[in-house]
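First the structure, in the form of structure tokens, and then the observations on it.
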Amino acid sequence: MRNYRYLTLADREALESRYLKGERPQDIADSLGMHVATIYKELKRGDTGDLDCNMRQGYNAKLAQLRLQQNLKRRGSKAKPEQQKLETVTT
């Protein structure tokens with residue numbers, strides 16, 4: 001079984017600094033010990049909508065952290081099937 005974990009703000013800041021230096025996502029993934037798909041997903045999460053100094057999509061670690069926290073808060077817990085039946089009957 002693999003051990004999954006969320007990226008911390010420190011991980012995101014390290015990713016941001018390496019990305020701004022012009023490193024490839026594969027090299028960043030290798031240095032941080034993550035899969036390259038994780039890096040691409042993270043770059044998408046922290047996309048600023050502007051180009052950086054390397055003419056690539058901009059990345060901001062604090063923006064990515066904020067979006068993650070908003071997504072986790074919005075996710076919530078799902079109702080059990082019995083509760084769903086009761087909610088539909090009472091409404």
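Under full-length UniProt numbering, residues 1 to 91 are what the sequence shown spells out, in order.
Using N, Cα and C, we set each Cβ at its ideal position, and we do this for glycine too.
First through last residue of the beta strand (DSSP E) which encompasses residue i
i, result
"Y59", "Q57 to Y59"
Bounding residues of the alpha helix (DSSP H) (the contiguous stretch that carries residue i)
i, result
"D52", "Here D52 belongs to no alpha helix (DSSP H), and DSSP marks it neither H nor E."
"Y40", "V36 to R45"
"R18", "L9 to L20"
Short Cβ contact (8 Å threshold) for residue i with residue j
i, j, result
"C53", "L20", "yes"
"D47", "G58", "yes"
"R75", "R45", "no"
"I28", "R12", "no"
Cβ separation of residue i and residue j, assumed to be a contact under 8 Å, to the nearest whole Å
i, j, result
"residue 93", "E42", "Within the shown structure, residues of the chain are numbered from 1 to 91, placing residue 93 beyond reach of any answer."
Nearest to residue i (by Cα), restricted to the options the options
i, options, result
"E23", "K62, M55, L72 and D50", "M55"
"Y4", "Q26, L51 and T38", "T38"
Interface flag, residue i vs chain D, CB-CB below 8 Å
i, result
"T8", "Included in the structure is just one protein chain, with no chain D present."
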